[in-house]
Each structure stands twice: as structure tokens, then as C-alpha cells.
Amino acid sequence: MSLTIAGESFGSRLILGTGGASSLAALEEAITASGTELVTVALRRIDTAATMGGGLLDLLGRCGVRLLPNTAGCYTATEAVKVAHLARDAFETSWVKLEVIGDERTLLPDGVELIRAAEELVSDGFTVLPYTTDDPILARRLADVGCAAVMPAGAPIGSGLGITNPHHITLIRQSVEVPVILDAGIGTASDAALAMELGCDGVLLASAVTRAADPGRMAAAMRHAVEAGWLAAGAGRIPRRFHALASTPDEGRPDL
Amino acid sequence: MNVVLNGTAHVLPDGATVAEAVAVATDRTRGVAVAVNGEVVPRTGWPGAVLRDGDQIEVLTAAQGG
Numbered sequence: 045m046s047l048t049i050a051g052e053s054f055g056s057r058l059i060l061g062t063g064g065a066s067s068l069a070a071l072e073e074a075i076t077a078s079g080t081e082l083v084t085v086a087l088r089r090i091d092t093a094a095t096m097g098g099g100l101l102d103l104l105g106r107c108g109v110r111l112l113p114n115t116a117g118c119y120t121a122t123e124a125v126k127v128a129h130l131a132r133d134a135f136e137t138s139w140v141k142l143e144v145i146g147d148e149r150t151l152l153p154d155g156v157e158l159i160r161a162a163e164e165l166v167s168d169g170f171t172v173l174p175y176t177t178d179d180p181i182l183a184r185r186l187a188d189v190g191c192a193a194v195m196p197a198g199a200p201i202g203s204g205l206g207i208t209n210p211h212h213i214t215l216i217r218q219s220v221e222v223p224v225i226l227d228a229g230i231g232t233a234s235d236a237a238l239a240m241e242l243g244c245d246g247v248l249l250a251s252a253v254t255r256a257a258d259p260g261r262m263a264a265a266m267r268h269a270v271e272a273g274w275l276a277a278g279a280g281r282i283p284r285r286f287h288a289l290a291s292t293p294d295e296g297r298p299d300l
Numbered sequence: 009m010n011v012v013l014n015g016t017a018h019v020l021p022d023g024a025t026v027a028e029a030v031a032v033a034t035d036r037t038r039g040v041a042v043a044v045n046g047e048v049v050p051r052t053g054w055p056g057a058v059l060r061d062g063d064q065i066e067v068l069t070a071a072q073g074g
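In order, the protein sequences belong to chains A and B. Those letters in the first sequence? Residues 45 to 300, by our numbering. Those letters in the second sequence? Residues 9 to 74, by our numbering.
Shown next as C-alpha cells:
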């Protein structure tokens, strides 16, 4: 069941984003119920983050999870590279969830800036996990410049629309050697299970859990969904048929 | 001297360092990163980095984010 990224193994294939939780207590409950070992954090001014900063890091330390800092809110490669360096200094990790956003309305990645930032961060020694579109060619280019994983969006961040182009997710899985993590768009447990059935190595989600009416319960649902999808993907599903195929044999049927 | 700390005007003594500016913003050092005029100042450089009048300082830490 373990997921390996850049030589590091994780017992869970679910990565949890911390954004959107109504309180640190709700976040802690969700992290525990999700079984995740890797969570994302953002970097913000210490005064605006005052209620969260220290308490958030203490909580994550207590949960024993590894941090994956993000570059959320960056619109250019230059800005994202700076935020990654600041995060490395603050959190003593060279792992980064690289986000370079194209516009405010969709929050979808800007592929050109993303490639530029990824190249620079890889050459600076970072372990780069880019949030990308569901474009298989862009995913391959990101893997080619040395990203440790690729993380295609199922749908826009926070939309809860699920996986709008399942075929592309499978194409991405076939296009790269590195782990594929479905990131963004997940709305409920069946979306996470589908991501795994399509061949993804993991799922990263935040809003689906943190903004659910009962985050702890949804976190548990996601944990089971990712495991179920992973098992199903490896189990070899039956082919789809147009007509029925009886599972009970006709042979030996009594004449009545 | 006048500086801008996380977007707000502050007066710091002449010759103040990044380490002193950080202490104005927070009593924590773990999980904190600093940029001055848009350039990263690594933690090890804080005590020796002397600020100048008009410097823009960003003192950052962990926040919830996806």
C-alpha cells in the first residue's frame, strides 16, 4: 500500500491539504482520521497567520506528519521560486508543492511559468511536486525536467466537480514514470476511488474534507476510498458487457 | 529609521538587524522565513543582516493551505 516519492515511503496514498479547516481542532481530527503522513502548508505573513502559525506547526508536529509547503497564490515562476526558497528556510524541507496559477477565476496552472519554475527549483536541489493541468504532454515535460511526481487537477481547486477528464488522467499515468497524484477537484469519496482506479498513485485533497459538514467523517471516507480504489486498480476489473452474463450456471436446473 | 514590516510602517533603531525585526513581529524563530526587498535572507544570516531606511521586510510562517 505504500507510496514512494523521491525515495521516501509513505504508508498512506492520501495527501491532505490543510486549507479551509474551520479550526485547528477540526483539522487535527481530519488528519488523524485520514491516516495521511504528508500534509500541505502555505507560507503567509506572520501577523495574518498569528492564530494559525505556531499552533499549526505544533499540531502538525504532534500528528507526526511530514510537511509539503506549497507556493499557493503565485502567478509567476520568479515569485514561486522565491516562496519555495523561503519555505525551505522556514520548514527545513526541500520538498515543495509547486503551484503557479494562471488566473483567479479558474486557479488552473500556467503551464509555461510552471515549467520554468520547476526547472529552476530542480536545479536548486528541490524535490518538486507540481500541481499541473490534466494535459499529458505538459505532465511529461514536467517529469522530463526532473519533477519527483506530477499532480494533475481533476477539476478546478475547490470546485468539487470530481475528475472531468478521466481519459487524460489515464494517459498521464501512461506518459510518465514518476508517481501521479490526482490533485484538486475531488468532491466526495467516489471521486478519490476513481482517481486510484484510473491508475493514480495517490490523491491530494483539502476542501473535500475540510469544508465537509463533518470533516472527520469525510476524512475517514477518503482514507477508505483511496485504499479501495488502489486495491481495485490492482485487482483486474471485469470487462464491461452490453448484455447480462449469468453468474449462476444453467446446468443442473430442475424441470418443474 | 523607517521600515515596512509585513506591509505596515515601523520605526527601528539605526543599525537594526533582520534578527531584531523578526523579534518585533514574533517571539518564535522556528517555522519562520524572511525576505528583505523581495530577496530571501536565510536564517543563519539574520543576526548579521543590517537593515537600511526604507527596507521592506516580510516575516512569514506556516498558514493553512491546500
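All C-beta atoms, glycine included, are put in the ideal place defined by N, C-alpha and C.
| message | Distance check for A:Val-220 and A:Leu-182, CA to CA, integer angstroms please. | response | One alpha carbon belongs to A:Leu-182, the other to A:Val-220, and they sit about 11 Å apart.
| Under 7 Å by beta carbon: chain B residues contacting A:His-129 | Neighbourhood of A:His-129 in chain B, by CB distance below 7 Å: Val-48, in chain order.
| query | Listed from N- to C-terminal order along the chain, which residues in the segment 76-93 of chain A have their beta-carbon within a distance smaller than 8 Å of any beta-carbon of chain B? | reply | Hits within the stretch, in order: Thr-84, Val-85, Ala-86, Leu-87, Arg-88, Arg-89, Ile-90, Asp-91, Thr-92, Ala-93.
| message | Runs of 4 residues minimum, wholly inside the segment 71-130 of chain A: which ones carry the alpha helix (DSSP H) assignment? | response | Those alpha helix (DSSP H) runs which fall completely within the segment 71-130 of chain A and span 4+ residues are 97-107.
| said: For the segment 255-267 of chain A against the segment 47-66 of chain A, do three or more pairs of beta-carbon atoms, one drawn from each stretch, fall closer than 8 Å, so that the two count as touching? | reply: Yes, since at least three Cβ pairs between the segment 255-267 of chain A and the segment 47-66 of chain A fall closer than 8 Å, the two stretches touch.
| query | The beta strand (DSSP E) spanning B:Gln-72 covers which residue range? | reply | Careful: B:Gln-72 lies outside any beta strand (DSSP E) and carries neither H nor E.
| task | Kindly list, in the order they appear in chain B, the residues whose Cβ is closer than 9 Å to that of A:Ile-201. | result | Taking a Cβ-Cβ threshold of 9 Å, the residues of chain B close to A:Ile-201 are Gly-74, in chain order.
| field | chain B contacts made by the segment 212-242 of chain A, where a contact means CB separation under 7 Å | value | Residues of the segment 212-242 of chain A with a C-beta less than 7 Å from any C-beta of chain B: none at all.
| query | For A:Pro-180, is the classification buried or exposed, using 16 other Cβ atoms within 10 angstroms of its Cβ as the cut-off for buried? | reply | When all chains shown are included, A:Pro-180 counts as buried.
| field | Buried or exposed by the 16-neighbour rule on C-beta atoms within 10 Å, applied to A:Asp-188 | value | With fewer than 16 other Cβ atoms within 10 Å, it is exposed.
| task | Would you mind sorting A:Glu-295 into buried or exposed? The rule is 16 or more other CB atoms within 10 Å of its CB. | result | Under this definition A:Glu-295 is an exposed residue.
| request: Go through its chain and collect everything with a Cβ distance to A:Gly-260's Cβ below 7 Å, but skip five positions before and after it. | output: Beyond the five residues adjoining it in sequence on each side, A:Gly-260 comes within less than 7 Å, by CB distance, of Glu-73, Ala-74, Ala-77 in the same chain, given in chain order.
| How about A:Leu-173 and A:Lys-141: do their beta carbons lie closer than 8 Å? | In this structure, the beta-carbon distance from A:Leu-173 to A:Lys-141 falls below 8 Å.
| What do you get for A:Leu-158, buried or exposed, if any count of 16 or more other CB atoms within 10 angstroms of its CB means buried? | Answer is buried; the Cβ neighbour count reaches 16.
| query | If you compare alpha carbons, which of A:Thr-62, A:Leu-300, A:Leu-242, A:Glu-123 is closest to A:Cys-280? | reply | The sequence shown places Gly at residue 280 of chain A, rather than the Cys named in the question. Nearest C-alpha to A:Gly-280: A:Leu-242.
| field | A:Val-222 in three-state terms, based on DSSP | value | Of the three classes helix, strand and coil, the one that applies to A:Val-222 here is coil, per DSSP.
| task | State the start and end residues of the unbroken alpha helix (DSSP H) segment that holds A:Trp-274. | result | According to the DSSP assignment, A:Trp-274 belongs to the alpha helix (DSSP H) that extends over 259-279.
| request: Please confirm if B:Val-40 has its CB atom under 8 Å from at least one CB of chain A. | output: Taking Cβ atoms only, chain A reaches closer than 8 Å to B:Val-40, which makes this a yes.
| field | Within chain A, the residues that B:Glu-66 reaches when beta carbons sit closer than 7 Å | value | What B:Glu-66 touches in chain A: Arg-89.
| field | A:Asn-114 classed as buried or exposed, judged by whether at least 16 other C-beta atoms fall within 10 angstroms | value | By the neighbour-count criterion, in which 16 or more other beta carbons inside 10 Å mark a residue as buried, A:Asn-114 falls on the buried side.
| field | Sequence ranges, alpha helix (DSSP H) only - wholly within the segment 169-231 of chain A, length at least 4 | value | Secondary structure in the segment 169-231 of chain A: the alpha helix (DSSP H) runs of 4 residues or longer, each lying completely within the stretch, are 180-188, 210-219 in chain order.
| request: Return the chain-ordered list of same chain residues with a C-beta closer than 7 Å to the C-beta of A:Thr-80, the five sequence neighbours on each side being excluded. | output: Within its own chain, the residues whose Cβ lies closer than 7 Å to the Cβ of A:Thr-80, once the five positions on either side in sequence are excluded, are Ser-56, Leu-58, Ile-59, Leu-60, Val-109, listed in chain order.
| List, in order along the chain, the chain B residues whose C-beta lies closer than 9 Å to that of A:Leu-100? | The answer, in chain order, is Gly-39, Thr-69, Ala-70, Ala-71, Gln-72.
| Listed in chain order, which residues of the segment 245-262 of chain A have Cβ atoms closer than 9 Å to some Cβ of chain B? | Residues Leu-248, Leu-249, Ala-250, Ser-251, Thr-254.
| message | So if DSSP puts A:Phe-54 in a beta bridge, which residue, or which two residues, is it bridged to? | response | For A:Phe-54, DSSP records a beta bridge to A:Leu-47.
| message | Please list the terminal residues of the continuous alpha helix (DSSP H) segment that includes B:Gly-53. | response | Premise fails: B:Gly-53 is in no alpha helix (DSSP H) and is neither H nor E.
| query | Between A:Leu-152 and B:Val-30, what straight-line distance do the alpha-carbon atoms span, to the nearest angstrom? | reply | When rounded, the distance between both Cα atoms is 34 Å.
| field | Per-residue burial, A:Leu-82 [other beta carbons within 10 Å of its own, 16 or more giving buried] | value | Label assigned to A:Leu-82: buried.
| Which residues in chain B sit within 8 Å of A:Thr-62, going by Cβ to Cβ distance? | Neighbourhood of A:Thr-62 in chain B, by CB distance below 8 Å: Gln-72, Gly-73, Gly-74, in chain order.
| field | First and last residue of the uninterrupted alpha helix (DSSP H) at A:Val-166 | value | 155-167 is the extent of the alpha helix (DSSP H) around A:Val-166.
| said: With a threshold of 8 Å between beta-carbons, can B:Ala-33 be considered close to chain C, or not? | reply: Looking for chain C here will not work: the only protein chains present are A and B.
| What residues are listed by DSSP as bridge partners for B:Thr-16? | DSSP, once it has assigned bridges, lists B:Leu-13 as partnering B:Thr-16.
| When we look at the beta-carbon of B:Gly-72 and count the other beta-carbons within 10 Å, is it buried (16 or more) or exposed? | The residue asked about is misnamed: residue 72 of chain B is Gln in this sequence, not Gly. So B:Gln-72 counts as buried.
| request: With 8 Å as the threshold, decide whether the Cβ of A:Asp-133 is near any Cβ in chain B. | output: Output row for A:Asp-133: interface = yes.
| Inter-residue spacing [alpha-carbon to alpha-carbon] between B:Gly-23 and B:Val-58 | Looking at the two C-alpha atoms, the distance is approximately 6 Å.
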